[in-house]
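Take the sequence shown: its position 376, counting from 1, is numbered 376 in full-length UniProt numbering, and each next residue is one higher. Even for Gly, the Cβ is constructed at its ideal location relative to N, Cα and C. In this text, all values refer to a predicted model and were calculated from it rather than measured experimentally. Take a look at the structure set out below.
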Amino acid sequence: MTDVLPSDALPSDVLLSVRGLHVRFLLPRGRVVSAVTDVSFDVRAGECLVLVGESGCGKSVLASALLGLLPGNAQTAGSAVLGDAVLGGAGAPGRGSAGPGFPGRGSTGHVPSGHVPSGFGSPGLDLLAADERTLARRVRGRLVGLVPQSPAAHLTPVRTVRSQLEETVAELRGPRGPQAARGPWRGRAALRTAAADAAERAAFPASHLDRYPHELSGGLAQRAAVALALAGDAPLLLADEPTTGLDRDLVDLTVDELRRHVDTGPADGAGRRGMLMITHDLAAASRVADRVAVMYAGRIVEICDAADFFGARGPRHPYSRGLLDALPDRAFVPVPGLPPELSDLPPGCAFAARCGHATRACGTVPTLGAVTDGAVVPGAGRTPAPVPSPAPAVPPRAGASPGTGASAAATALPGLVACHHPHRPEHPDPEPESVEPTHA
Ligand SMILES: Nc1ncnc2c1ncn2[C@@H]1O[C@H](COP(=O)(O)OP(=O)(O)OP(=O)(O)O)[C@@H](O)[C@H]1O
Ligand code: NI
1 MTDVLPSDAL PSDVLLSVRG LHVRFLLPRG RVVSAVTDVS FDVRAGECLV LVGESGCGKS
61 VLASALLGLL PGNAQTAGSA VLGDAVLGGA GAPGRGSAGP GFPGRGSTGH VPSGHVPSGF
121 GSPGLDLLAA DERTLARRVR GRLVGLVPQS PAAHLTPVRT VRSQLEETVA ELRGPRGPQA
181 ARGPWRGRAA LRTAAADAAE RAAFPASHLD RYPHELSGGL AQRAAVALAL AGDAPLLLAD
241 EPTTGLDRDL VDLTVDELRR HVDTGPADGA GRRGMLMITH DLAAASRVAD RVAVMYAGRI
301 VEICDAADFF GARGPRHPYS RGLLDALPDR AFVPVPGLPP ELSDLPPGCA FAARCGHATR
361 ACGTVPTLGA VTDGAVVPGA GRTPAPVPSP APAVPPRAGA SPGTGASAAA TALPGLVACH
421 HPHRPEHPDP EPESVEPTHA
């Protein structure tokens with residue numbers, strides 16, 4: 001077992017490769033919240049992947065898991081590997097990879113994917129297996145930038161916005177910083193200019209730069225958080241609801257700027273940036289997304305090209321269609337009912353109870369892509385078990401040779417639809433009129 005993964009098994013343009021990610025929270029009296037279940041996706045260089053889904057479906061928990069920000073009662077399984085496109089080809093040793101057997105976070109720790117053998121020369125960095133020191137010193141804000149969902153809570157209360165921005169620029173991009181090669185951030189004036197530039201790009205008013213976080217409205221704190229993320233210039237950005245509390249104009253401006261950030265790439269021209277953006281705002285998503293991932297009750301039920309998702313073709317999963325139909329400029333009909341409790345998920349498709357196309361099979365047949373032979377199985381939330389060994393099977397990585405223990409199966413990821421309606425077994429025909437409700 002190893003947590004050092006071969007990034008050379010990843011396509012060179014993959015910044016982040018998540019496979020079989022599970023997060024569950026262990027609560028008193030044996031209750032278990034399955035917040036993230038068997039999630040797999042890639043973020044590629046130059047790509048903006050937007051994650052949508054109803055409140056409470058696990059989006060922020062997923063982001064927190066990637067940055068090691070989960071609370072102590074969390075238990076994770078799977079892998080989330082940063083590739084060389086993020087690591088900059090520096091290899092593992094300087095990037096904080098760790099050897100086998102290091103302590104996991106949370107009360108019962110982490111189950112690595114275990115699907116990749118050791119012995120590779122250029123390992124990637126598994127964020128789920130990395131220790132706190134690695135995450136704090138090398139990952140957060142440096143390799144992976146975060147726009148947190150509650151920015152006010154993440155800003156340092158005793159420092160002005162300007163000083164926080166300047167500190168970020170100085171620390172990350174100064175002469176001794178990890179991004180020293182990326183620009184001439186030497187000297188007070190350059191620092192001040194770089195910080196002001198980041199603020200301007202995030203539409204944070206220069207007149208407010210010397211204010212403290214408690215002097216900012218929610219919308220201004222949001223823009224300060226975006227400015228901080230832009231200033232950090234990390235190759236991979238996680239933006240969790242970066243436009244909460246903003247007026248429509250500012251929403252558009254902010255997501256356009258984030259998109260521009262991804263498109264332009266770092267100052268030294270090494271590779272391109274990428275972004276995973278979490279949002280409720282489908283209009284914002286449609287402005288920036290290359291692909292859309294739809295999450296429901298902890299699972300990604302569909303990953304779809306944005307052009308298809310928002311275009312005439314439309315998404316394929318009934319829940320995704322329901323999300324779009326709820327928009328004011330579409331049918332304006334909300335998805336009926338409520339999502340299930342994540343501590344009491346049904347055995348079959350978690351959306352079946354709300355789905356107009358559900359058949360009896362949807363209530364019993366495990367959803368496609370479920371991990372069934374590992375630590376965390378669908379429905380296992382009711383009987384928390386210790387993390388077993390061996391670790392759960394994880395879909396192998398695209399591009400890996402069979403000799404690495406991987407197969408080509410992961411290439412099916414882009415069309416992932418975790419739905420098994422008998423009348424649309426492969427969902428080959430996306431035409432809405434082809435969907436025949438077979439619901440009894
Ligand atoms: N520490 C914790 N202990 C137990 N359950 C938790 C904990 N943190 C989060 N959860 C649960 O995990 C689930 C997913 O929460 P998460 O914040 O990821 O939702 P979300 O999709 O980001 O929603 P929103 O759009 O409202 O931000 C929720 O049911 C939440 O109650
Ligand atoms: Ni959230």
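Note that the C-beta distance between residue 27 and residue 73 is below 8 Å. Inclusion of residue 34 and residue 338 in the CB contact set at 8 Å is not warranted, their separation being larger than that value.
With 5 Å as the limit between CB and the heavy atoms of ligand 1, the residues that fall short of it are 25, 33, 35, 55, 56, 57, 58, 59, 60, 61, 71, 342.
Ranked by how close their Cα comes to the Cα of residue 261, the residues 19, 288, 160, 303 have 288 in first place.
Contact between residue 57 and residue 277 fails: their C-beta atoms lie close to 15 Å from each other, not under 8 Å. Residue 222 is not a Cβ neighbour of residue 205, given a cutoff of 8 Å. Annotation for residue 149 indicates a beta carbon within 7 Å of some heavy atom of ligand 2. Short note on residue 233: C-beta not closer than 7 Å to any heavy atom of ligand 2. In the three-state reduction of the DSSP assignment, residue 285 falls in the helix class.
For the 8 Å CB-CB criterion, residue 15 and residue 85 form a contact. Here DSSP, grouped into helix, strand and coil, assigns residue 293 to strand. Residue pairing by DSSP puts residue 41 in a beta bridge opposite 18. About 7 Å separates the beta carbon of residue 68 from that of residue 127, a gap short enough to meet the 8 Å contact definition. Partner residues in the beta bridge of residue 23, as assigned by DSSP, are 36, 76.
Its Cα nearest to that of residue 281, the residue 51 stands out among 305, 156, 162, 51. Assigned with DSSP and collapsed to three states, residue 140 falls in strand. With a cutoff of 7 Å, residue 240 counts as near ligand 2, since its C-beta is closer than that to a heavy atom of the ligand. With respect to residue 39, residue 300 sits close: the two C-beta atoms are nearer than 8 Å.
Taking residue 273 as reference, the option from 60, 283, 30, 259 with the minimal CA-CA separation is 259.
Inter-residue distance for residue 213 and residue 257 is about 22 Å (C-alpha atoms, whole angstroms). Going by DSSP, residue 325 is part of the alpha helix (DSSP H) stretching over 318-325. DSSP places residue 260 in the uninterrupted alpha helix (DSSP H) bounded by 248-264. Cβ neighbours of residue 151 within its own chain (closer than 6 Å, five residues either side excluded): 221, 222, 225. Bridge pairing for residue 345: absent [DSSP].
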